[in-house]
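What follows is a set of notes on a single structure, which appears directly below.
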Amino acid sequence: MDSLEEIFRRALKSKIFRNREKLLPDYVPEALPHREEEIRKIASVLAPSLRGEKPSNLFIYGLTGTGKTAVVRYVLSRLEASARESGQRVRAIYVNARYRDTPYRVLADIGEGVGVSIPFTGLSTGEIFARIVKKASDAGVIYIVVLDEIDFLVKRRGDDVLYKLTRINGELRSSKVSLIGITNSVDFIESLDPRVKSSLGEVELVFPPYNAEQLKDILSMRAREAFQPGALEEDVIPLCAALAAREHGDARRALDLLRVAGELAERGGAERVRKEHVMKAREEIERDRVVEVIRTLPLHGKLVLLAVISTTAGGRTHTTTGEVYDKYKLLTRRLSLETVTLRRVSGILAELDMLGVISGRVISKGRYGKTRVIELSADLSALLRALSEDITIGELTEEVGREALGKRDSLRRREGEEGR
DNA sequence: CCTCCACAGGAAGCGCAGGAGT
DNA sequence: ACTCCTGCGCTTCCTGTGGAGG
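Heads up: take any position in the first sequence, counting from 1, add 6, and you land on my numbering.
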């Protein structure tokens with residue numbers, strides 16, 4: 007019987023993908039190659055929860071894309087399954103502090119995991135805390151709270167909440183809470199209040215970066231599930247692995263590359279994924295990132311960025327804070343806007359640096375002061391395109407862009423002529 | 001060796017918008 | 001209608017500092 011479903015399925019059948027979702031960052035695979043040891047270690051730390059004992063707090067450190075989150079989620083889902091079987095009440099609560107970077111939102115998420123509904127905003131953190139304690143106290147559950155990218159929370163709000171959380175067990179009756187902190191910032195642990203540090207770091211675990219060989223294994227394994235057999239040319243996986251290995255062995259980056267390369271191949275109607283698709287994917291990922299970062303920038307952030315572009319136009323590759331500020335003032339005057347202070351611009355530049363749009367390092371020029379030397383670290387045309395999306399500064403961007411690109415091109419031409 | 005530049009970057013606080021509770 | 005809370009973009013005021021020039 008040829009049902010409609012059959013027709014649709016044939017129409018939907020991709021030559022490239024079998025199951026694209028297996029390459030998405032939040033997919034937790036059922037095997038995590040080269041992380042067997044970490045898995046066993048975490049499992050053994052958490053195992054006491056199955057007997058109703060509170061597991062030690064755990065602190066995990068490792069660069070982005072080293073599998074921290076995946077490993078923790080994997081172990082927790084196995085743990086919860088095993089607890090269900092044995093009738094022990096174990097509940098995992100996962101919070102990512104990068105996106106929930108205020109004590110309020112972190113507590114709100116924990117509250118939700120515990121089963122209290124908490125409004126989007128409006129309560130004091132103390133109030134939420136009290137509600138959580140009230141709800142959880144007699145539930146007789148072992149809660150395992152994962153605070154992923156915990157540094158984002160502490161960097162911006164201090165370790166107050168953490169301190170409270172590490173002491174929550176004193177206020178609970180039959181329930182227990184143990185914490186798993188995850189971070190990719192090395193100096194984070196040192197910045198903590200010693201009391202928090204010793205409590206959170208009862209057990210510590212370091213995830214080393216993957217090397218190119220290991221990345222290849224990971225990619226191959228995922229590719230088997232995600233792609234049609236033979237859809238990848240031989241050199242695709244090694245290339246993705248090599249590119250990602252260059253970026254501190256970031257497996258997430260490697261998987262993104264592979265997925266986007268596949269999407270490009272499919273969109274382009276190619277039979278197989280080739281090297282060129284990977285290279286194009288790399289550009290596209292970078293461009294998307296830049297556009298996204300810039301879209302969410304406040305107006306003066308965009309203007310400061312424009313000033314950086316303008317002052318690095320032409321043969322100059324770098325500029326300084328003072329120069330940028332002067333240029334920024336000129337630009338705001340053109341638009342008859344108020345200017346922000348130098349302090350704020352300095353802060354904006356630091357943010358842009360963190361976002362990877364510019365890169366700067368603080369140097370001292372002795373008698374001539376100390377400043378941040380800045381250069382653009384994202385692609386110029388991608389930046390300009392993203393900035394011109396903003397209505398207020400669109401025209402100005404085009405003007406600066408013409409200037410910057412024009413100078414760059416004429417410089418290239420001149421170099422070309424001299425070369426002859 | 002000391003000075004002093006040109007900023008870095010911490011701390012406190014302000015006005016506003018958005019949302020909740022009462 | 002009113003109060004209270006938070007996040008945000010920002011200001012004000014501040015202390016800190018690497019090293020060229022005196």
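The beta-carbon is built from N, C-alpha and C at its ideal position, and this holds for glycine as well.
Look up residue i in the DSSP assignment and say whether it is helix, strand or coil.
| i | result |
| --- | --- |
| E210 | strand |
| N190 | coil |
| D157 | helix |
| N434 | Residue 434 is absent from the structure shown; the chain starts at 7 and stops at 426. |
| T403 | helix |
| E36 | coil |
| E381 | strand |
| T326 | strand |
| I150 | strand |
| G68 | strand |
| L185 | strand |
| I364 | strand |
| I99 | strand |
| K376 | strand |
| G425 | Here the model assigns G425 a pLDDT of 46, short of 50, so the residue's position is not dependable, and the following value carries that caveat. Residue state, collapsed to three classes: helix. |
| R104 | coil |
| I22 | coil |
| L238 | strand |
| I397 | coil |
| S370 | strand |
| V279 | strand |
For residue i, collect the residues of the same chain with a Cβ closer than 6 angstroms to its Cβ; drop the 5 residues on either side in sequence, then sort them by chain order.
| i | result |
| --- | --- |
| A5 | There is simply no residue 5 to check, as the chain begins at 7 and stops at 426 in what is shown. |
| E239 | R278, R280 |
| L10 | none |
Can you list, in chain order, the residues of its chain with a C-beta nearer than 8 angstroms to that of residue i? Leave out the 5 residues immediately preceding and following it.
| i | result |
| --- | --- |
| G362 | R295, V299, S383, A384 |
| L389 | V296, I300, L311, I315, V363, L382 |
| A49 | V81, R84, L85 |
| Q220 | P39, H40, G255 |
| T3 | No answer is possible for residue 3: it lies beyond the span of the chain, which begins at 7 and ends at 426. |
| T172 | N63, L185, R201, V202, S205, L206 |
| E344 | T338 |
| I45 | L38, V77, Y80, V81 |
| T403 | L312, L390, L393, S394, D396 |
Whose CA, out of the options, lies closest to the CA of residue i?
| i | options | result |
| --- | --- | --- |
| L82 | T72, F65, A53 | A53 |
| R137 | R408, E219, G117, G268 | G117 |
| E405 | A313, K371, R79 | A313 |
| L38 | V78, K60, V51, A87 | V78 |
| G321 | T75, D359, R373, A410 | A410 |
| I22 | S9, R273, Y216, S387 | R273 |
| L225 | L30, E289, L10 | L30 |
| Y110 | G132, G353, L261, L348 | G132 |
| A218 | G412, L56, I243, K60 | I243 |
| Y105 | G68, L159, R293 | L159 |
| G412 | A114, T347, L393, S387 | S387 |
| R57 | I45, R173, E43, A89 | A89 |
| S143 | E155, V120, L113, S180 | S180 |
| G68 | R373, R293, D154 | D154 |
| F213 | D241, R97, T75 | T75 |
| R24 | E269, L402, K222 | E269 |
| D359 | L303, G375, C246 | L303 |
| M227 | F14, S20, K28, E12 | K28 |
| I134 | I150, A145, V112, G146 | V112 |
| L245 | A237, K222, S365, F65 | K222 |
| E59 | Y100, R408, G146, K335 | G146 |
| G187 | F65, I369, G176, A232 | F65 |
| S352 | K371, K376, L341 | K376 |
| E43 | F14, L211, G372 | L211 |
| P35 | A247, T323, L261 | L261 |
Just checking my contact of residue i with residue j at CB under 8 angstroms: how many whole Å lie between their CB atoms?
| i | j | result |
| --- | --- | --- |
| S62 | V209 | 5 angstroms |
| L264 | L249 | About 10 angstroms; that fails the 8 angstroms criterion. |
| A257 | T72 | 7 angstroms |
| E308 | I399 | Correcting the residue identity first, residue 308 is Lys in this sequence and not Glu. At roughly 6 angstroms, the Cβ-Cβ gap stays under 8 angstroms, so K308 and I399 are in contact. |
| L206 | L185 | 6 angstroms |
| S55 | I148 | 5 angstroms |
| R97 | G119 | 7 angstroms |
| V151 | I99 | 5 angstroms |
| A232 | R26 | 6 angstroms |
| V346 | H306 | 5 angstroms |
Excluding sequence positions up to five away, which residues of its chain have a Cβ less than 7 angstroms from the Cβ of residue i?
| i | result |
| --- | --- |
| V266 | A287, E290, I291 |
| P215 | L69, T72, H254, G255 |
| A237 | K21, I22, R278, V279 |
| V122 | R137, I138, K141 |
| K47 | L211 |
Contiguous alpha helix (DSSP H) assignments of at least 4 residues, all confined to the stretch 242–268: 242–252
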